[in-house]
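*Asks:* Following this message is one structure expressed as structure tokens.
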């Protein structure tokens with residue numbers, strides 16, 4: 001029963017993507033008269049000069065991929081360091097990361113923009129309306145939860161593995177990249193999927209950092225261009241949403257077995 005409830009929104013998006021805007025508003029639950037309409041809608045979206053969907057898709061892919069790589073790497077390193085460093089300072093730092101997860105984004109979004117402008121004036125490094133600005137933002141907001149998850153997983157890894165590697169002459173970076181990092185594959189998949197879905201679908205942070213009408217524009221921003229102040233092209237909006245969902249669904253299907261392993265890892269021990 002829950003399976004049907006969860007799939008119902010996807011079903012609505014799918015059938016309404018194969019309709020005209022009039023049919024969507026008048027008969028949202030009806031079966032499409034012609035499935036070929038979905039192809040027509042895709043062509044309109046792909047060739048629209050005002051929306052620039054192909055470039056938005058590329059920008060989203062770049063932002064998501066780079067953000068995930070850096071979040072995954074830095075969070076794994078931080079989680080490992082915090083677990084293996086038994087001091088009050090490391091415990092306090094971990095507490096700060098955990099506490100930051102409960103701070104609403106709305107509280108820090110305007111100070112974030114102010115800080116970005118200050119950095120630009122002071123250093124000349126542009127953070128607004130650029131790749132580096134949005135990627136840096138995602139690293140900052142995605143790291144706390146990722147560090148928390150890596151921290152819990154790494155605690156279940158026997159310290160004897162690292163001690164044996166140290167005796168064999170491995171340095172700290174060799175221990176991490178050759179021993180610890182490969183063991184973290186299940187929790188890495190969980191971190192990548194959770195952050196990937198969030199980054200790919202996020203609208204508010206790109207709107208603040210990138211803005212609309214910019215050369216760097218994500219898929220959610222591109223989709224929102226079909227909704228004007230007076231006219232909303234629901235057929236194109238829903239088709240664009242369907243196109244944006246496909247990469248996430250494929251990624252999730254390939255990584256789902258690792259997600260389950262990552263979620264239960266450490267609980268059995």
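Residue numbers (the numbering used here): 1 to 269.
Glycine included, each C-beta is placed from N, C-alpha and C at the ideal position.
Exposed or buried, what is residue 47 when buried is set at 16 or more other beta-carbons lying within 10 Å of its beta-carbon?
*Replies:* Exposed.
*Asks:* Can you list, in chain order, the residues of its chain with a C-beta nearer than 7 Å to that of residue 266? Leave out the 5 residues immediately preceding and following it.
*Replies:* Residue placement at residue 266 is poorly supported in this model, since its pLDDT is 47, which falls under 50; the coordinates still yield a value, given next. For residue 266, where only same-chain residues beyond five positions count, the Cβ hits under 7 Å are 152, 153, 155 and 156.
*Asks:* With a threshold of 7 Å between beta carbons, is residue 116 in contact with chain C?
*Replies:* Looking for chain C here will not work: only one protein chain is present.
*Asks:* Starting from residue 346, follow its DSSP beta bridges and name the residues at the other end.
*Replies:* With the chain represented from 1 up to 269, any question about residue 346 goes unanswered, as that position is not in the structure.
*Asks:* Please state whether the Cβ-Cβ distance between residue 235 and residue 24 is less than 7 Å.
*Replies:* In this structure, residue 24 lies closer than 7 Å to residue 235 by Cβ.
*Asks:* Taking only runs that begin and end inside the stretch 20-62, name each unbroken alpha helix (DSSP H) of 4 or more residues, in chain order.
*Replies:* List check, alpha helix (DSSP H) in window: 21-26 and 37-47.
*Asks:* Taking residue 144 as part of the alpha helix (DSSP H), name the residues at either end of that continuous run.
*Replies:* Residues 131-154.
*Asks:* Please state the DSSP three-state secondary structure of residue 102.
*Replies:* Correct three-state label for residue 102: coil.
*Asks:* Report the three-state DSSP secondary structure of residue 17 (helix, strand or coil).
*Replies:* Here residue 17 sits in coil by DSSP.
*Asks:* Go ahead and pull the three-state DSSP assignment for residue 79.
*Replies:* In the structure shown, residue 79 sits in a helix (DSSP, three-state: H, G or I).
*Asks:* Do you know offhand how far residue 29's Cα is from residue 221's?
*Replies:* Each residue's alpha carbon lies about 27 Å from the other.
*Asks:* Express the C-alpha separation of residue 158 and residue 129 in angstroms, rounding to a whole number.
*Replies:* Near 45 Å, if we compare the C-alpha coordinates of residue 158 and residue 129.
*Asks:* Specify whether the stretch 133-151 and the stretch 58-73 touch according to this definition: at least 3 beta carbon pairs, one from each stretch, less than 8 Å apart.
*Replies:* Touching, per the Cβ criterion.
*Asks:* What distance in whole Å lies between the Cβ atoms of residue 53 and residue 240, which are believed to be in contact at a cut-off of 8 Å?
*Replies:* Between residue 53 and residue 240 the Cβ distance is about 7 Å, and since that is below 8 Å, they are a contact.
*Asks:* Assign residue 284 to one of three DSSP states: helix, strand, or coil.
*Replies:* Because the chain in this structure spans residues 1 to 269, residue 284 falls outside the shown range and cannot be described.
*Asks:* Quick one: is residue 175 buried, meaning 16 or more other Cβ sit within 10 Å of its Cβ, or exposed?
*Replies:* So residue 175 ends up on the buried side.
*Asks:* Within 10 Å of its beta-carbon, does residue 271 have 16 or more other beta-carbons around it, so buried, or fewer, so exposed?
*Replies:* In the structure as shown, the chain starts at 1 and stops at 269, and residue 271 therefore has no counterpart that could be examined.
*Asks:* Spatial neighbours of residue 64 within its chain, please: C-beta separation below 8 Å, excluding the five flanking residues on both sides.
*Replies:* Closer than 8 Å at Cβ, skipping near neighbours: 196, 199 and 200.
*Asks:* Just verifying my parser: in three-state terms, what is the DSSP assignment at residue 206?
*Replies:* In the structure shown, residue 206 sits in a helix (DSSP, three-state: H, G or I).
*Asks:* Please report the residue range of the alpha helix (DSSP H) in which residue 167 lies.
*Replies:* Looking at the DSSP string, the run of the alpha helix (DSSP H) that includes residue 167 is 159-167.
*Asks:* DSSP three-state call for residue 218: helix, strand or coil?
*Replies:* Coil.
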